[in-house]
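Top line first, the protein sequences correspond to chains P and H. To convert a position in the first sequence, counted from 1, into the working numbering, add 143. To convert a position in the second sequence, counted from 1, into the working numbering, add 143. Note that CB positions come from ideal geometry on N, CA and C, so glycine has one too. Source: prediction; values computed, not measured. All remarks here apply to the structure that follows.
There are 2 protein chains.
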Amino acid sequence: MVAYYPTMDEVFRALADASRRALLDRLHARNGQTLSELCDGLAMTRQAVTKHLGILEAANLVTTLRHGREKLHYLNPVPIHQIGERWIRKFERNKLTALSELKRQLEKRDE
Amino acid sequence: MVAYYPTMDEVFRALADASRRALLDRLHARNGQTLSELCDGLAMTRQAVTKHLGILEAANLVTTLRHGREKLHYLNPVPIHQIGERWIRKFERNKLTALSELKRQLEKRDE
DNA sequence: TTGACATGCAACCATATGGTTGCCTATTAT
DNA sequence: ATAATAGGCAACCATATGGTTGCATGTCAA
Numbered sequence: 144m145v146a147y148y149p150t151m152d153e154v155f156r157a158l159a160d161a162s163r164r165a166l167l168d169r170l171h172a173r174n175g176q177t178l179s180e181l182c183d184g185l186a187m188t189r190q191a192v193t194k195h196l197g198i199l200e201a202a203n204l205v206t207t208l209r210h211g212r213e214k215l216h217y218l219n220p221v222p223i224h225q226i227g228e229r230w231i232r233k234f235e236r237n238k239l240t241a242l243s244e245l246k247r248q249l250e251k252r253d254e
Numbered sequence: 144m145v146a147y148y149p150t151m152d153e154v155f156r157a158l159a160d161a162s163r164r165a166l167l168d169r170l171h172a173r174n175g176q177t178l179s180e181l182c183d184g185l186a187m188t189r190q191a192v193t194k195h196l197g198i199l200e201a202a203n204l205v206t207t208l209r210h211g212r213e214k215l216h217y218l219n220p221v222p223i224h225q226i227g228e229r230w231i232r233k234f235e236r237n238k239l240t241a242l243s244e245l246k247r248q249l250e251k252r253d254e
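Here it is, written out as structure tokens:
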């Protein structure tokens with residue numbers, strides 16, 4: 144079996160929707176919930192939730208497991224962590240220098 | 144003047160597009176580029192790039208500055224940093240416990 | 001001053017996206 | 001056995017999104 148690696152783009156797009164982020168939050172609060180449990184209290188049909196979970200699963204943010212007629216959903220934080228590592232970290236470096244650099248460049252342009 | 148704060152959703156959505164992330168990468172490599180400069184070598188019209196930059200600006204990921212007929216674009220890494228802090232960090236906590244917790248919950252269900 | 005350059009604005013278009021409804025299948029409990 | 005429960009599948013729909021073309025405006029240089 145060859146592992147399937149979702150692209151970073153897939154992960155970003157999966158995280159772009161507020162409903163999906165809310166589902167991840169729910170799983171973060173309590174892992175291993177069934178589809179019906181995840182639907183509870185949401186202003187959305189079960190089928191809509193199914194689609195969202197499908198997208199999260201495709202992005203490897205959620206792993207599922209059938210247990211009888213139930214489908215259990217587990218959060219996989221690894222892709223989120225990778226985005227933090229590979230993408231967000233590098234933009235943090237110039238956080239402190241950003242403003243001063245802006246000023247510097249402005250002055251340069253006005254020479 | 145009252146500061147406008149973009150929602151976290153706006154930032155996530157802005158980051159969801161690969162072209163926009165590429166623009167941020169370009170600004171990260173060299174800050175303060177003009178619109179034309181940012182268009183160079185991209186398989187997209189200037190107007191498409193303008194729209195992307197508008198979305199990035201609305202999400203406060205890019206700040207602009209008119210200098211004569213040119214518009215200079217500066218990266219603002221703060222919202223990216225905030226996403227890292229407020230959203231990504233909390234999912235990293237249970238990284239190590241995720242697998243063991245899965246096993247534990249499975250066993251519990253089989254009792 | 002006038003042409004070239006940098007950008008802005010608006011209409012338009014195809015496809016992606018988030019959601020719905022309707023129906024079907026599999027499993028569990030009475 | 002059979003009804004209720006949990007979930008799957010597919011068609012459909014409205015709107016959002018990412019892109020285009022065409023034209024207008026402001027600024028700089030010869």
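Coil, strand or helix - residue i by DSSP
i      : result
P:L185 : coil
P:L204 : coil
H:T150 : coil
P:R156 : helix
H:R229 : helix
P:R212 : coil
Interface flag, residue i vs chain P, CB-CB below 8 Å
i      : result
H:E235 : yes
H:R252 : Because H:R252 sits at a pLDDT of 45, beneath the cut-off of 50, its placement in the model cannot be relied upon, and the following sentence gives the value as read from the coordinates. So, interface residue.
H:R156 : yes
H:E200 : no
H:H224 : yes
H:G227 : yes
Buried or exposed (CB count within 10 angstroms, at least 16 for buried), residue i
i      : result
H:A157 : buried
H:G197 : exposed
H:A202 : buried
P:G211 : exposed
H:G184 : exposed
H:R189 : exposed
H:R252 : Residue placement at H:R252 is flagged as unreliable, the pLDDT there being 45, under the threshold of 50; a coordinate-derived value is accordingly withheld.
P:R209 : exposed
P:R229 : exposed
Alpha carbon of residue i to alpha carbon of residue j, nearest angstrom
i      : j      : result
H:R173 : H:E200 : 17 Å
H:K194 : H:K233 : 33 Å
H:T207 : H:L178 : 10 Å
P:E153 : H:V154 : 16 Å
H:A186 : H:Q176 : 18 Å
Minimum Cβ-Cβ distance from residue i to chain H less than 8 Å
i      : result
P:P220 : yes
P:D183 : no
P:A191 : no
P:H216 : no
Residue j beta carbon less than 8 Å from that of residue i
i      : j      : result
P:E259 : H:H224 : The structure shown does not extend to residue 259 of chain P, since chain P spans only 144 to 254, so no value can be given for it.
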